[in-house]
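Residue numbers (the UniProt record's numbering), protein chains in the order written: chain A, 1 to 392; chain B, 1 to 392.
Taking it in order: structure first as structure tokens, then the write-up.
Pasting the structure below:
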């Protein structure tokens, strides 16, 4: 092209997820690749009561009743928060984009878990972030390592997914949450806490937002309705400490004026109804069964090939492979067997922390397909490991 | 605040429009300030047929059938375009934001009409654009002035609203459209054409998109359903020359994954139905009457105070005041009389092209309120002119 584009476009990486998702959505493919909720569990959408009042332009901050319900829900989790600190977003992805707009210039240092959410990496990278990774351990990130990295890199913010992390499934202990908050308070470092999976919980675990433990550090908390209702509506939200909020609202306004009102109206009705808790309980029951099915299948087929823990919530298993397999190459082979997974490589913010891994979604396929798919996948991976052994 | 935000945030201007709109939405205020469609003319929203299929995540580019219908509509206007060049956006405002992301780094030169759409200025400013204004004349911008400005400033793109421009109401002649296209082709300068008002037309006039006359220059065409259906749904679109499209889709994906599917599904149904043309004809009949009512009221009350032309389409009158009135101060006085308008100042991309002006919306108030409000407004402006004379 002869014309100039922004430097931003040079940082648009090849759209691996897009390409993979397109292939995996072909009929007949058993896909563990995406993070799709099960469509058969989604609530019926009934807009009759709210359609007429959702036609005109609305407020950039979102519908007042929905904001109040969200603030009430967050306070119930321990995050004291007023409705005027809540912004409704066009999906939680927009919350990530607004955080990028708010904080990141070219070269701005950002600390993140390693591995972390791929689409957050892509989004922050477009704004020019310089990434520094905090290796994830069983209990979360190490607070001492966090402090050392803050002192060394002076990040604009720390991006964490403490509950049922994507891709690792890790859920921080309460002690780790408190220790992380103490380091952030001590150093005055802003926290961006991404919490889209918090209501998908299958075993008891600590889920208090880290933001709830902050006393001084600025914070942005990102929430989602996509995983528990209907992602096609594109309604998420964020809450923030008061000083950041006016900036974020202006950036939201210049991004898309406001979020679709019809989805907000339906959610306002649904989450205030008795149906909501029933729906969550049913969804979690089904997902727990699928998690258990995948866990049993993995024990049967992947012992010796990989290491993993069954996640206490969320949507994913994260398999650390014991041999150094090229997982992108393995994916190509898997697709010829009509089974798909997400290669681990792109989830790492920096190259030298990478290890060979797979992310497997368990919410979308039925238990029968999970059984069948894990069997197929183990054959593919076994072949790839043999090849790695022969050529290595 | 002790923590760092992006340089972008330093360019977030005070949210004048937001503040004004909040005041003007108080009951009892006759507001000519916003650009709100009349709610009583909006079509009924009936989602029964499409709710179930709109729940899951969807494609970033938008729903295939809607993209095909949009491409077909654009081809009917003379802009040859395939469905795979069409991206559905979360309102036309998101199209403007994606253009900013695509083209603008800090200091990137951008050419725009003077005056031009306030929210585009705000959005491009956030990305760091350096503005250069092209004064609007009755027939559009002057092609020779455009060429001289391109040679001098080497802009990343030219942003134009050739049909029923916001705020001026100007509609480019066909000769001006062709001459502008020729200059852009000759210099290889990308065009961003914003065309949200094209279907709101009350008198015969040329409306072929300038993009349709381009042969070589890259282009992005921004369209909207907000002005002709229901803005609360937040569904707009863009089309672009093929080389730009893949970049824009990736930026869309990192902004909000995709646009709400339920609004897309309803629009797909509505714009393919016979009701659509009937609805447009009815809406244009009512708006033409409101335009005429405002024109008569202005002739009665504003002759000697301002100069203007009745617009052939769109939503606004633009009044150039004959005396040097502080229109922001005048607005404050007007609000004490329960009538509101939009001051002209913020619509100018550069200070030295400013002149005192008002923008008056005629789509939202009833004819009775228009009569009454214009009378009140002329009293306020007459007082302000006298004050200007006394103190000047």
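Even for Gly, the Cβ is constructed at its ideal location relative to N, Cα and C.
For clarity, every value in this text was computed on a predicted model and none was experimentally measured.
Paired residues, beta bridge with residue i - DSSP
| i | result |
| --- | --- |
| residue 114 of chain B | B:135 |
| residue 446 of chain B | There is no way to answer for residue 446 of chain B, as the model of chain B reaches only from 1 to 392. |
| residue 167 of chain B | In DSSP, residue 167 of chain B forms no bridge with anything. |
| residue 140 of chain A | A:137 |
| residue 340 of chain A | A:31 |
| residue 307 of chain B | B:320 |
Beta carbon proximity, residue i to chain B, threshold 9 angstroms
| i | result |
| --- | --- |
| residue 326 of chain A | no |
| residue 302 of chain A | no |
| residue 173 of chain A | no |
| residue 42 of chain A | yes |
| residue 233 of chain A | yes |
| residue 279 of chain A | no |
| residue 213 of chain A | no |
| residue 101 of chain A | yes |
| residue 54 of chain A | yes |
| residue 161 of chain A | no |
| residue 7 of chain A | yes |
| residue 4 of chain A | yes |
| residue 195 of chain A | no |
| residue 69 of chain A | no |
| residue 73 of chain A | no |
| residue 126 of chain A | yes |
| residue 58 of chain A | yes |
| residue 240 of chain A | no |
| residue 1 of chain A | Because residue 1 of chain A carries a pLDDT of 45, less than 50, the predicted location of this residue cannot be relied on, and no value is offered for it. |
| residue 334 of chain A | no |
| residue 34 of chain A | yes |
Within-9 angstroms CB hit, residue i to chain A
| i | result |
| --- | --- |
| residue 117 of chain B | no |
| residue 393 of chain B | Any answer about residue 393 of chain B is impossible in this case: the structure gives chain B only from 1 up to 392. |
| residue 247 of chain B | yes |
| residue 90 of chain B | yes |
| residue 276 of chain B | no |
| residue 47 of chain B | yes |
| residue 153 of chain B | no |
| residue 104 of chain B | yes |
| residue 269 of chain B | no |
| residue 258 of chain B | yes |
| residue 62 of chain B | no |
| residue 37 of chain B | yes |
| residue 123 of chain B | yes |
| residue 108 of chain B | yes |
| residue 262 of chain B | yes |
| residue 142 of chain B | no |
| residue 97 of chain B | yes |
| residue 156 of chain B | yes |
CB-CB length for residue i against residue j, believed under 8 angstroms
| i | j | result |
| --- | --- | --- |
| residue 313 of chain A | residue 202 of chain A | 6 angstroms |
| residue 196 of chain A | residue 219 of chain A | Contact doesn't hold; Cβ gap of about 16 angstroms is too wide. |
| residue 346 of chain A | residue 131 of chain A | Going by Cβ atoms, the distance from residue 346 of chain A to residue 131 of chain A rounds to 12 angstroms, so no, they are not a contact pair. |
| residue 38 of chain B | residue 341 of chain B | The Cβ separation is near 18 angstroms, so there is no contact. |
| residue 11 of chain A | residue 100 of chain A | Wrong, their Cβ atoms sit about 11 angstroms apart, outside the cutoff. |
| residue 206 of chain B | residue 171 of chain B | 7 angstroms |
| residue 321 of chain A | residue 356 of chain A | 4 angstroms |
| residue 252 of chain A | residue 87 of chain A | 6 angstroms |
| residue 156 of chain B | residue 89 of chain B | Actually they do not touch by this definition, with Cβ atoms about 20 angstroms apart. |
Range covered by the alpha helix (DSSP H) that runs through residue i
| i | result |
| --- | --- |
| residue 293 of chain B | 274-302 |
| residue 99 of chain A | 92-103 |
| residue 108 of chain A | No alpha helix (DSSP H) contains residue 108 of chain A, which DSSP labels as neither H nor E. |
| residue 129 of chain A | Element bounds for residue 129 of chain A: n/a, residue is neither H nor E. |
| residue 268 of chain B | 261-271 |
| residue 71 of chain A | 64-76 |
| residue 8 of chain A | 7-10 |
Where the beta strand (DSSP E) containing residue i begins and where it ends
| i | result |
| --- | --- |
| residue 158 of chain A | 157-160 |
| residue 366 of chain A | No beta strand (DSSP E) contains residue 366 of chain A, which DSSP labels as neither H nor E. |
| residue 87 of chain A | 86-89 |
Quick one: which unbroken beta strand (DSSP E) runs of 3-plus residues sit fully inside the region 188-259 of chain B? Chain order, please. Those beta strand (DSSP E) runs which fall completely within the region 188-259 of chain B and span 3+ residues are 191-194, 219-224, 236-240.
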